[in-house]
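Chemist: Quick one: the structure is below, and I'll ask about it shortly.
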Amino acid sequence: MSDLVKATSILLLIVFFSGCEDEIRNIAEINESPSPDLSREVNPLDINVDGFDFLEKMQGHWTGPLRIIADDFDWFAFDYRAISPSHIHGIFEGGSAGNLLTSFFVTDFKNTRTIMARNGGLLNGIYRTSYFVLDSIRYDADNSKYFRLVDANGGAAIMYMELRFKSDSLYFNAYTSRLGLNLMPVRHMTFRSSRKNPELALQAAQQLGFPQNNSAWDFSGGFRQDLLYINPGDTEPKSATFLAQQTGSNDVFTLADESRDPFRIQDHPYLGYLTVNIVRNTAIEDKGWFLYLSKEPLTDSNGFFINESFSSVLRFPEIIATENSFNFTYMHPGEYYVTVIADANEDGSISAGDITHVSQKIELSPEQTLTVTIDNINIQN
Amino acid sequence: MRAGFVLIVILGISSCNQTPNLLEGSWSVSSDFYKANYRITKQGRMHHALILMYDDGTTRFKHDPLNPNYLFKSLRSRNDGIYVDAISGATKSKNTQANFRISQINIDTLFVDQYIKGKPISEVWVRMKN
Chain A
138 MSDLVKATSI LLLIVFFSGC EDEIRNIAEI NESPSPDLSR EVNPLDINVD
188 GFDFLEKMQG HWTGPLRIIA DDFDWFAFDY RAISPSHIHG IFEGGSAGNL
238 LTSFFVTDFK NTRTIMARNG GLLNGIYRTS YFVLDSIRYD ADNSKYFRLV
288 DANGGAAIMY MELRFKSDSL YFNAYTSRLG LNLMPVRHMT FRSSRKNPEL
338 ALQAAQQLGF PQNNSAWDFS GGFRQDLLYI NPGDTEPKSA TFLAQQTGSN
388 DVFTLADESR DPFRIQDHPY LGYLTVNIVR NTAIEDKGWF LYLSKEPLTD
438 SNGFFINESF SSVLRFPEII ATENSFNFTY MHPGEYYVTV IADANEDGSI
488 SAGDITHVSQ KIELSPEQTL TVTIDNINIQ N
Chain B
25 MRAGFVLIVI LGISSCNQTP NLLEGSWSVS SDFYKANYRI TKQGRMHHAL
75 ILMYDDGTTR FKHDPLNPNY LFKSLRSRND GIYVDAISGA TKSKNTQANF
125 RISQINIDTL FVDQYIKGKP ISEVWVRMKN
């Protein structure tokens, strides 16, 4: 047998066995996907031409599954209602961890009448507000309409959100690059939802004369670059973002000032505040609790939980065991049922053994600050 | 002597084929968040997943032969029946997490983990019938 054959056989063996290794190292890391236009350019869409209908489409109590990065939630909700003739607002109130809001409003930006979004909140001790601007629309063959809003400073290269409406369905995806720290945005949130309880938004729209093509907040002068958040190590801002870090007991109002956010919570018309206090008894002394605001009562007249009413939940914060009070901000005025469910068995969800009370009806007026106390959490389910 | 080397080579080949390659074909996935169809082919030692259709509610497209898109292009078989994709190429990198990890449930079903920031999103892919 020749040396050539021998060498070839050995080479083949090496090739074959190397294909069986446990720890594969591959430098390709190819993960191609359809590439949207991720330009740093920000070109507002003129809603005098098209796109003004976004505000009307956005109205509703949107419920459905939600994915945040790799965490899935079977059910989630955003309650979008008008808060002025040209501004619509919705928020997720997470409870002890914080909240996340996105509102949409008519404005003038870069000499264009357009729609902007204000997205952010106070989450895990960080106050952040980012501004987006409508830059594109698409009509799909199934009679649905797509809208994209991009970072108002860095464009889609920094972050963007996409919303597509088809009848009473909303498909909402958001992409972020950690304010430009990453090379390009990746999917951050996916929310697939359907519209419920349209009468809630309809009532607000009728009261406010919504929607109107009037500027809700003036951004015609753009953003002052010296006020925007700058990533560590950078010399100029990448995103239209205002940011402040909670260091002690500073509340959302103080943090808004510290962040130099131009459009602060107190600048929002029509919205109110609701504080819910609970009085603990021995059965729930050291238990976390779920707090629900809903359109329908979540319990029967005896205080037992009614599962069928859960689809009417509008806000659903979770409160840790050491807290006895929760303050809802950015509250749409109207009627609500307040229900506290103490997580007696500490399984992190509503289940048999948890302790409730008869849902309590409240009514919040525009710009009202209301406090309620629930002191009868004693019905074990 | 020659026969011995041939035998060794055959053994080498057979040891790499403990798991039959059942990945090739067209696959469908449907979750709460998106729908997609993929076609897996083997190119050398790598498996490619061509995206035939994708719809996550806002990004919606069908395969365009002039502009093909791939979910992955570097899926490789381990010797335990698992396929993994895109282990970090930087040999000194601390990131040795696969982007995809695929195992066969049966000839028509795959169990797919896609890792996002180290956390898996698990899916079941079903073979599409032609």
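Chains as they are written, first to last, in my numbering: chain A, 138 to 518; chain B, 25 to 154. Note that CB positions come from ideal geometry on N, CA and C, so glycine has one too. As the structure is a computational prediction, the values presented were derived from the model and not from experiment.
For a contact meaning CB atoms closer than 8 Å, what does A:N310 contact in chain B?
Modeler: Along the first sequence, read from residue 1 onward, the residue named residue 310 of chain A stands at position 173. Per Cβ cutoff of 8 Å: D80, G81, T82 and T83.
Chemist: Got a sec, what are the start and stop residues for the beta strand (DSSP E) A:S396 sits in?
Modeler: Position 259 of the first sequence, counted from the start, is the residue given in the question as residue 396 of chain A. It is not in any beta strand (DSSP E) - A:S396 instead sits in the alpha helix (DSSP H) that spans V389 to S396.
Chemist: With distances taken between CB atoms, is the gap from A:H469 to A:L507 smaller than 8 Å?
Modeler: To locate residue 469 of chain A, count along the first sequence from 1; it is residue 332. To locate residue 507 of chain A, count along the first sequence from 1; it is residue 370. No, the pair does not count as a contact, with Cβ atoms beyond the cut-off.
Chemist: Does the distance from the CB of B:L76 to the CB of B:S50 come in under 8 Å?
Modeler: The sequence position of residue 76 of chain B within the second sequence is 52, counting from 1. The sequence position of residue 50 of chain B within the second sequence is 26, counting from 1. Yes. Within cutoff.
Chemist: Taking DSSP as the reference, what is the three-state secondary structure of A:W212?
Modeler: Translated into the one-based positions of the first sequence, residue 212 of chain A becomes position 75. Reduced to three states, the DSSP call for A:W212 is strand.
Chemist: Name the chain B residues that come within less than 8 Å of A:D277, Cβ to Cβ?
Modeler: As a first step, residue 277 of chain A must be located in the first sequence, where it is residue number 140. Those within 8 Å of A:D277 in chain B are R84.
Chemist: Mind checking B:D88: buried by the 16 CB within 10 Å criterion, or exposed?
Modeler: For the purposes of this step, residue 88 of chain B is identified with residue 64 of the second sequence, where counting begins at 1. It counts as exposed.
Chemist: Should A:L364 go down as buried or exposed, given a rule of 16 or more other Cβ atoms within 10 Å for buried?
Modeler: For the purposes of this step, residue 364 of chain A is taken as the residue at position 227 of the first sequence. With fewer than 16 Cβ atoms within 10 Å of its Cβ, A:L364 is classed as exposed.
Chemist: Taking the straight line between their C-alpha atoms, what separation do you get for B:G142 and A:R324?
Modeler: Taking the second sequence and counting its residues from 1, the one referred to as residue 142 of chain B is at position 118. Taking the first sequence and counting its residues from 1, the one referred to as residue 324 of chain A is at position 187. Approximately 15 Å, taken between the alpha carbons.
Chemist: What residue range does the alpha helix (DSSP H) around B:L74 cover?
Modeler: Residue numbering aside, residue 74 of chain B sits at position 50 when the second sequence is read from its first letter. It is not in any alpha helix (DSSP H) - B:L74 instead sits in the beta strand (DSSP E) that spans M70 to D79.
Chemist: Indicate whether at least one CB of chain B lies closer than 8 Å to the CB of A:P322.
Modeler: As a first step, residue 322 of chain A is located in the first sequence; it is residue number 185 there, counting from the start. It does not: the Cβ of A:P322 has no partner Cβ on chain B nearer than 8 Å.
Chemist: Using the Cβ count rule (16 or more neighbours within 10 Å means buried), how would you classify A:A278?
Modeler: Taking the first sequence and counting its residues from 1, the one referred to as residue 278 of chain A is at position 141. So A:A278 ends up on the exposed side.
Chemist: Counting Cβ pairs, one atom from each stretch, are 3 or more of them under 8 Å apart for the stretch 215–231 of chain A and the stretch 270–289 of chain A?
Modeler: They do not touch, by the three-pair rule.
Chemist: Just list the residues that DSSP pairs A:A353 with in beta bridges.
Modeler: Residue 353 of chain A sits at position 216 when you count from the first residue of the first sequence. According to DSSP, A:A353 bridges with nothing at all.
Chemist: Does any heavy atom of the ligand NAP sit closer than 7 Å to the C-beta of A:E504?
Modeler: This structure lacks the ligand NAP, and indeed carries no ligand of any kind.
Chemist: Strictly by DSSP, which residues pair up with A:Q497?
Modeler: Start at 1 with the first residue of the first sequence, and residue 497 of chain A comes out as number 360. Beta-bridge pairing links A:Q497 to A:V475.
Chemist: Excluding five sequence neighbours on each side, which residues of the same chain lie with their C-beta closer than 7 Å to the C-beta of B:F85?
Modeler: For the purposes of this step, residue 85 of chain B is identified with residue 61 of the second sequence, where counting begins at 1. The residues are Y78.
Chemist: From the DSSP secondary-structure annotation, give me the bridge partner or partners of B:R102.
Modeler: Residue mapping note: residue 102 of chain B aligns to position 78 of the second sequence, counting from 1. BP columns for B:R102 are empty, so no partner.
Chemist: Using DSSP bridges, identify the partner residues of A:A311.
Modeler: Within the first sequence, the letter at position 174 stands for residue 311 of chain A. Paired residue(s): A:M298 and A:M326.
Chemist: A:G292 to B:V136, Cα distance in whole Å?
Modeler: Sequence index remark: in the first sequence, residue 292 of chain A carries index 155 (1-based). Sequence index remark: in the second sequence, residue 136 of chain B carries index 112 (1-based). Cα to Cα, A:G292 sits roughly 33 Å from B:V136.
Chemist: Please classify A:T145 as buried or exposed, where buried requires at least 16 neighbouring CB atoms within 10 angstroms.
Modeler: Within the first sequence, the letter at position 8 stands for residue 145 of chain A. Because the pLDDT of A:T145 is 45, which lies under 50, any placement of that residue in the model is unreliable, and the number read from its coordinates should be weighed accordingly. Exposed.
Chemist: What are the partner residues of A:Q517, as DSSP defines its beta bridges?
Modeler: Here residue 517 of chain A is taken as the residue at index 380 of the first sequence, counted from 1. Answer by DSSP bridge pairing, in chain order: A:I492.
Chemist: With distances taken from CA atoms, which of A:Y410, A:E445, A:G235 and A:S488 is nearest A:S570?
Modeler: A question about residue 570 of chain A goes unanswered here, because the residues of chain A that appear run from 138 up to 518.
Chemist: Examine the Cβ distances between the stretch 469–482 of chain A and the stretch 510–518 of chain A and report whether three or more of them are shorter than 8 Å.
Modeler: With the cut-off at 8 Å, the stretch 469–482 of chain A and the stretch 510–518 of chain A touch.
Chemist: From A:L238 to A:D305, what does the alpha carbon distance come to, in whole angstroms?
Modeler: Within the first sequence, numbered from 1, the residue matching residue 238 of chain A stands at position 101. Within the first sequence, numbered from 1, the residue matching residue 305 of chain A stands at position 168. Rounded to the nearest angstrom, the two C-alpha atoms are 21 Å apart.
Chemist: Tell me which residues share the same chain as A:E169 and place their Cβ nearer than 7 Å to its Cβ, disregarding the 5 neighbours each side in the sequence.
Modeler: Reading the first sequence from its first residue, position 32 is the one you call residue 169 of chain A. Here A:E169 scores only 38 on pLDDT, less than 50, and its place in the model should not be relied on; the value that follows carries that caveat. Excluding positions up to five away in sequence, the list is empty.
Chemist: Three-state secondary structure (DSSP) at A:S446?
Modeler: Position 309 of the first sequence, counting from 1, holds the residue named residue 446 of chain A. Reduced to three states, the DSSP call for A:S446 is helix.
Chemist: On the criterion of 16 or more Cβ atoms from any shown chain inside 10 Å, does A:M321 qualify as buried, or is it exposed?
Modeler: For this step, residue 321 of chain A is matched to residue 184 along the first sequence. Exposed is the call here.
Chemist: Compare the beta carbon distance of A:F360 and A:A311 with 8 Å and say whether it is the shorter of the two.
Modeler: Working through the first sequence from its first residue, we reach residue 360 of chain A at position 223. Working through the first sequence from its first residue, we reach residue 311 of chain A at position 174. No, these two residues do not count as a Cβ contact at 8 Å.
Chemist: Once the 5 residues before and after A:P374 are set aside, which same chain residues still bring their CB inside 7 Å of it?
Modeler: Residue numbering aside, residue 374 of chain A sits at position 237 when the first sequence is read from its first letter. Excluding residues within five positions, the ones whose Cβ falls inside 7 Å are N290, Q362, L365, Y366 and I367.
Chemist: Taking the alpha carbon of A:E460 as the reference point, which residue from A:S446, A:G425 and A:I228 has its own alpha carbon closest?
Modeler: Locating residue 460 of chain A in the first sequence gives position 323, where the first residue counts as 1. It is A:G425 whose Cα lies nearest to the Cα of A:E460.
Chemist: Identify the continuous alpha helix (DSSP H) that holds A:F191 and give its terminal residues.
Modeler: Taking the first residue of the first sequence as position 1, residue 191 of chain A is located at position 54. Taken as a continuous stretch (DSSP letters only), the alpha helix (DSSP H) holding A:F191 covers F191 to M195.
Chemist: Excluding the five sequence neighbours on either side, which residues of its own chain have a C-beta within less than 8 Å of the C-beta of A:L260, listed in chain order?
Modeler: Mapped onto the first sequence, residue 260 of chain A falls at position 123. So the list reads G231, A234, G235, N236 and L237, once near-sequence residues are dropped.
Chemist: Helix, strand or coil, according to DSSP, for A:D245 in the structure here?
Modeler: As a working note, residue 245 of chain A is residue 108 in the first sequence. DSSP places A:D245 in strand when its eight states are reduced to three.
Chemist: Within the continuous alpha helix (DSSP H) that includes A:A381, where are the two ends?
Modeler: Within the first sequence, the letter at position 244 stands for residue 381 of chain A. Taken as a continuous stretch (DSSP letters only), A:A381 belongs to no alpha helix (DSSP H), being part of the beta strand (DSSP E) at T378 to Q382.
Chemist: Could you check where the beta strand (DSSP E) with A:P335 kicks off and where it finishes?
Modeler: Position 198 of the first sequence, counting from 1, holds the residue named residue 335 of chain A. A:P335 -> not in any beta strand (DSSP E); alpha helix (DSSP H) instead, spanning P335 to L345.
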